[in-house]
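Data first, discussion second: the structure below is written as structure tokens.
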Amino acid sequence: MSETVSAWQLIASGDATLFAIVRLSLAVSLSAVAIALVVGLPLGAMLALMRFPGRSAVVVVLNGFMGLPPVVVGLTVYLLLSRSGPLGELGLLFTPTAMVIAQALLVLPIIAALTRQTVEDLWLEYREELTAMGVGPAGQVATLLWDSRFSLVTALLAGFGRAAAEVGTVMIVGGNIDGFTRTMTTTIALETSKGNLPLAMGLGLILIFLILLINAAAWGVRLWSEQRAG
Amino acid sequence: MRAAASDLPLAFDDVSLTAGATTILDRVNLTIGPGAPTLILGPNGSGKTSLLRLCMGLAEPSTGAVSWGGRADAGPERRAILFQKPVMLRRSAAANVAYGLAQAGCPRGLRTRRTEELLDRVGLSALASRPARRLSGGEQQRLALARALGRQPEILLLDEPTASLDPAATRFVEEIILDAARSGTKIVMASHDLGQVRRLAGDVVFLVRGRLFEHAAASDFLDRPATPQAAAFVRGDLVL
Ligand SMILES: Nc1ncnc2c1ncn2[C@@H]1O[C@H](COP(=O)(O)OP(=O)(O)O)[C@@H](O)[C@H]1O
Ligand SMILES: [Mg+2]
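From first to last, the protein sequence lines are chains F and C. My numbering applies: residue 2 is where the first sequence begins, and numbers increase by one. My numbering applies: residue 46 is where the second sequence begins, and numbers increase by one.
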């Protein structure tokens with residue numbers, strides 16, 4: 002139990018090491034989610050509206066990729082960024098940038114697949130009305146994304162939750178370098194194996210707090226949207 | 046980019062519509078010109094909704110051709126449609142109207158005022174900020190009407206807009222429709238209500254099972270129906 006007390010003391014005292022790790026974790030996961038949004042929203046919306054041969058297969062693969070094992074994504078990005086890999090020249094391996102890339106790839110299918118589902122459902126409902134109002138393709142996408150914004154915030158939070166909690170990709174492509182690429186999850190893994198339980202538990206508590214916060218936010222958004230937009 | 050031409054007359058040239066083995070409309074020839082409201086009359090399943098969707102350009106004929114003012118490719122700019130079950134955007138009532146105005150090219154600076162006018166016209170001013178999907182069925186119908194009127198259409202297509210309304214609400218909606226007709230909008234409206242024909246119609250298009258049985262002035266249709274089917278419908282007998 003003394004570990005729990007020390008863990009709280011670390012948090013309460015604003016321990017510099019601990020909060021540097023939290024900051025890096027948040028920066029990496031938030032950047033990854035931002036990139037996944039920029040790519041995933043239009044991708045999901047286009048997939049919802051377009052009809053082309055093989056579309057069902059794309060949708061199935063995309064849905065399947067929502068559950069990609071982080072270590073496999075990590076390994077793939079590792080191979081791409083390693084010195085002998087196709088992008089080795091960039092020298093990105095074992096940097097926070099590599100971690101952002103890997104997590105963005107992990108989160109992208111979640112954002113794109115949930116966007117596709119949400120927008121497609123709404124499109125079934127709106128289709129005739131928007132066509133009758135003469136709304137063009139770009140306007141259709143904008144309208145559908147805007148009117149599903151509350152569901153999309155939930156998708157965003159789900160993506161962030163997955164990124165913040167995963168350890169596989171950041172461990173492999175970040176290398177868990179002290180003070181540089183060490184995140185909450187990789188630190189917990191390392192410090193636990195070294196027996197430094199207070200730091201591991203302090204970070205664990207913060208991580209759980211963040212996940213709860215995300216879920217509370219998702220819940221709040223739903224309540225609020227039901228009142229506001231019906 | 047609004048074409049100077051008119052969408053009238055709206056003409057059906059030997060139009061059939063099929064879905065699989067079902068014939069929904071069967072070789073319909075019809076010309077709808079400007080003037081008093083045209084009511085599309087017929088029992089359930091006679092093809093009224095399908096006819097209106099063709100009028101709007103939302104469906105293509107399986108054979109034959111629809112044309113608007115002699116053009117087969119007229120975009121939806123000069124027309125508006127009110128579906129039987131209105132589609133409400135997930136926004137406030139006012140935002141629904143403003144959206145329609147924006148699509149119709151109403152300048153941003155004018156939209157707020159025009160929205161207020163339109164909501165007032167359909168009696169929804171007090172509900173402007175209410176989410177549209179939270180309105181009652183009748184209120185949604187009126188909101189959709191305001192959104193359609195905001196497009197200042199040359200042709201306004203209405204699919205049984207009063208079918209689920211009580212007499213007071215029906216009267217209110219009919220007033221708005223007549224008002225639009227008086228200010229020059231061509232009304233084409235599906236109905237299965239003979240009273241409505243008396244109150245609104247200039248001419249009547251009578252459909253049974255996808256076939257056009259009669260297209261006549263309202264008074265002629267009511268007093269001297271030319272086909273046994275129309276005569277039965279006017280008498281209030283069941284027409285199947
Ligand atoms: N997409 C479709 N596929 C098959 N049948 C259809 C389709 N749309 C309409 N129908 C049929 O065509 C007939 C006319 O429908 P509709 O135009 O809705 O008539 P109304 O509006 O007069 O009730 C009905 O029997 C309906 O079931
Ligand atoms: Mg109908």
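Yeah, the Cβ is synthetic: ideal placement off N, Cα and C, and Gly gets one too.
Taking 7 Å as the cut-off, the C-beta of Q197/C does not count as close to any heavy atom of ligand 2. The set of residues with any CB-heavy atom separation to ligand 1 below 5 Å comprises, in chain order, A64/C, T67/C, I69/C, N89/C, G90/C, S91/C, G92/C, K93/C, T94/C and S95/C.
If the five residues before and after A56/C are omitted, its C-beta is found closer than 6 Å to the C-beta atoms of T76 and S112, all from its own chain and listed in chain order. For the segment 103-132 of chain C, the beta-carbon criterion of a distance under 9 Å to any beta-carbon of chain F is satisfied by L103, G120, P121, E122, R124, A125, I126, F128, P131 and V132. In terms of Cβ geometry, V101/F and V29/F form a close pair [threshold 8 Å]. Annotated three-state conformation of A262/C is strand, per DSSP. In this structure, E130/F is the residue among T155/F, A166/F and E130/F with its C-alpha nearest to the C-alpha of L103/C. Between P71/F and E192/F, the CB-CB gap reaches or exceeds 8 Å. Residue range T108 to W113 is occupied by the beta strand (DSSP E) that includes G109/C. Using a CB distance cut-off of 8 Å, L188/C does not count as an interface residue toward chain F.
At least one C-beta of chain F is nearer than 8 Å to the C-beta of L134/C. Taking the Cβ of Q186/C as the reference point, every heavy atom of ligand 2 lies at 7 Å or farther away. The C-beta of E121/F comes no closer than 8 Å to any C-beta of chain C. Spatial neighbours of A225/C in its own chain (CB-CB distance under 7 Å, excluding positions within 5 residues in sequence) are listed in chain order as L194, L201 and I232. Under the Cβ criterion of 8 Å, M234/C is not counted among the residues facing chain F. Counting only runs of 3+ residues, the beta strand (DSSP E) found wholly inside the segment 116-158 of chain C occupies 124-127, in chain order.
Beta bridge pairing from DSSP links S3/F with no other residue.
By the rule that beta-carbons nearer than 8 Å mark a contact, Q185/C does not touch chain F.
Between the segment 155-170 of chain F and the segment 21-38 of chain F there are three or more inter-stretch CB-CB distances shorter than 8 Å, so the stretches are counted as touching. In this chain, S236/C is not harboured by any alpha helix (DSSP H); it is covered by the beta strand (DSSP E) spanning K231 to S236. Closer than 8 Å to the CB of V136/F there is at least one CB belonging to chain C. Judged by DSSP in its simplified three-state form, F181/F adopts coil rather than helix or strand.
For L76/F, the enclosing alpha helix (DSSP H) starts and ends at P71 to L82.
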